[in-house]
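Colleague: Counting from 397, one number per residue, gives the positions in the sequence shown under this note's numbering. From the three backbone atoms N, C-alpha and C, an ideal C-beta is built for every residue, glycine too.
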Amino acid sequence: MTDEKLNQILKQALAPEISDREIQVHRRRKGKMKKFGKIGKAVAAAIAAAVIGIGGLGYFNPALAAKLPVIGKIFEKIEDEVTYSGDYTDKGTVLTNEDHAGNLDTSDYSVSDKGITVTASEVYCDGYSIFLTVNIEAEDADFTHIPEHYTGMNVADNRTAAGFYISGTWSINGNSPQLLENTFEGEVIDSHTFAGMLKLNLAESVSGSGELNLNVDGLGYDDDRMLDSEEISASHWTDGNWNIALPFEVNGMDVKTIEVGEKAGNITLDNIVVSPYQVIVHTTTPGEQRELTDDMREKLLSKDPDLTDAEMFEMIGWSYEPCYTIVFNQDGEILHPDMEMAGWAGFAVQGKETDTLYIFIFDNLDDWAQMENEGMNSSVADKAVIAKEIHVKM
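1) If we ignore side chains and look at the alpha-carbon of each, how far apart do L696 and I712 end up?
2) With a floor of 3 residues, list each beta strand (DSSP E) that falls wholly inside the segment 517-541, ordered by position along the chain.
3) Between P701 and P718, what straight-line distance do the alpha-carbon atoms span, to the nearest angstrom?
4) If you draw a straight line from the alpha carbon of D620 to that of P543, how long is it in whole angstroms?
5) Is DSSP giving N769 helix, strand or coil here?
6) Mapping the DSSP letters down to three states, classify A552 as helix, strand or coil.
7) Classify A777 as helix, strand or coil using the three-state DSSP reduction.
8) Leaving out five residues before and five after G784 in sequence, what residues of the same chain have Cβ atoms less than 7 Å from its Cβ?
9) Just to confirm my understanding: we take T556, look at its own chain, exclude 5 residues before and 5 after, and list those with CB closer than 7 Å. What are they?
10) When you compare only the Cα positions, how much space is there between Q574 and L608?
11) Could you tell me whether the Cβ atoms of K487 and N647 are closer together than 9 Å?
12) Kindly provide the ranges of any alpha helix (DSSP H) runs that are 4 or more residues long and lie completely inside the segment 626-670, ordered along the chain.
13) Hey, out of Y480, N760 and G616, whose CA is closest to G564's CA?
14) What residues in its chain sit with their C-beta under 8 Å from that of K748, if we drop five residues either side in the sequence?
15) Sorted by chain position, which residues of the same chain lie with C-beta nearer than 6 Å to C521's C-beta, five sequence neighbours on each side aside?
16) On the CB-based measure, 16 or more other CB atoms within 10 Å of its CB, does D778 come out buried or exposed?
17) So the beta strand (DSSP E) M737 belongs to, where does it begin and stop?
18) Please report the straight-line C-alpha distance between T752 and Y673, rounded to a whole angstrom.
19) Under three-state DSSP, which class holds K789?
20) Going by alpha carbons, who is nearest to T653 out of V669, A660, I640 and A641?
21) Distance, Cα to Cα, E768 vs E577?
22) For Q574 and chain D, any beta-carbon pair shorter than 9 Å?
23) State the start and end residues of the unbroken beta strand (DSSP E) segment that holds M593.
24) Give the range of the alpha helix (DSSP H) segment to which I360 is assigned.
25) Please report the distance separating the alpha-carbon of G606 from that of V519.
26) Does DSSP classify S603 as helix, strand or coil?
27) The ligand ATP and V788: does the residue's C-beta get closer than 8 Å to at least one heavy atom of that ligand?
28) If you compare alpha carbons, which of F560, E533 and G570 is closest to Y641?
29) With a 10 Å radius around its C-beta and 16 neighbouring C-beta atoms as the bar for buried, classify D495 as buried or exposed.
30) Can you give me the start and stop residues for the alpha helix (DSSP H) that D690 sits inside?
31) Can you name the residues that DSSP bridges to N609?
32) Considering only the alpha carbon of each residue, which of S603, T679, I467 and G498 lies closest to M649?
33) With a CB to CB cut of under 6 Å and the five nearest residues on each side skipped, what residues in its chain are close to T589?
34) Can you tell me which of the three DSSP states I419 falls into?
35) With DSSP run on the structure shown, which of helix, strand or coil describes L500?
36) For the beta strand (DSSP E) that contains T680, what are its first and last residues?
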């Protein structure tokens, strides 16, 4: 992600009167994330654009914590505030429950190391992504200083969540491991407890049932008391081993894939996927005709573990042409753009109606930024390489 695009996102996500200094703080955070090597660049940029760590929101008061069971009910507790919000009732599978005394009904999905216990709570899969909730406990920690970040399109949405960094690998059904390039997003329950959700995007759609292998080798979080220091990313970090195998069932209820196959210029809009929580736009550009093999990726990442696909393509002399996607619904509401990479752009539904979707795909970053700022009737709408109206509900 370019600095120009990052600045555009910062100005969209943060208060309109945010100072240039504050923007620089968030950009510095992006650089520190790369130095730590805990998450990928695309996600680091997204988090850098969202984390605020400044006055105005306030933080969790542990004295107000409700002494109620959390594990087994995390979707219910955080579903209104996380980026991929929505009603998860009857959608996910409960892996672990706890009673009022804090006793778990199973230890199969709970693992401890270095004084930190990670317990998988619930899992939901729409066939394209896995949404996993976890409970993180650390007796020697103080989670109440974890900064919150915006999860809506603007400050007025008044939607915030806390974030918890994670590093390691994950795989499905024994396939090649992929780096964890995500964060847990959720809520600080008390000084020692964090409840959050992790979203993992599948390289290919799946059906039926499967097993998620999560191999975590590091956990960390920011501290709002250290935002002005030089090292502001993952100021509390613990290396360890938290490995867990989790079964999941694909729930295709209310999930629709719409084939499009429209090509213009060097871009093809292949299809879109609409689920209760996300819209995925699949595209093809010339740079995606070639795929990096596992051996190639491993050798390149050994030089720099934070290389993006675009940077790896450049290193070996392959062409790579990104595109920039925006999605609106029938009411002209923009869907929350989470992350865009080669062939894939994800958008959070956040309870908006998706009867009809308007897809705009640009090959110019400035046009993309202008339309995101001005809305669906932007003066640059006619500059989109592809502009497509998709009727989801017929």
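Modeller: With the structure as the only source:
1) 9 Å
2) 525-534
3) 21 Å
4) 5 Å
5) helix
6) helix
7) helix
8) A small fix is needed here, since residue 784 is Lys in this sequence, not Gly. Correct list, in chain order: V656, E658, L665 and I755.
9) L453, E477, E544, H545, Y546 and T547
10) 12 Å
11) yes
12) none
13) G616
14) N725, D727, E729 and L731
15) F644 and V646
16) exposed
17) H732 to M737
18) 15 Å
19) coil
20) V669
21) 25 Å
22) Included in the structure is just one protein chain, with no chain D present.
23) T589 to N597
24) For residue 360 there is no data in the structure shown, the boundaries of the chain being 397 and 790.
25) 12 Å
26) coil
27) Looking at this structure, you won't find the ligand ATP or any other ligand, since it has none at all.
28) Contrary to the premise, residue 641 reads as Ala rather than Tyr in this sequence. Nearest option by C-alpha distance: G570.
29) exposed
30) D690 to K699
31) S567 and A641
32) S603
33) E533
34) Because the pLDDT at I419 is just 34, under 50, the model does not fix this residue reliably, and the point stays unresolved.
35) strand
36) Q674 to T680
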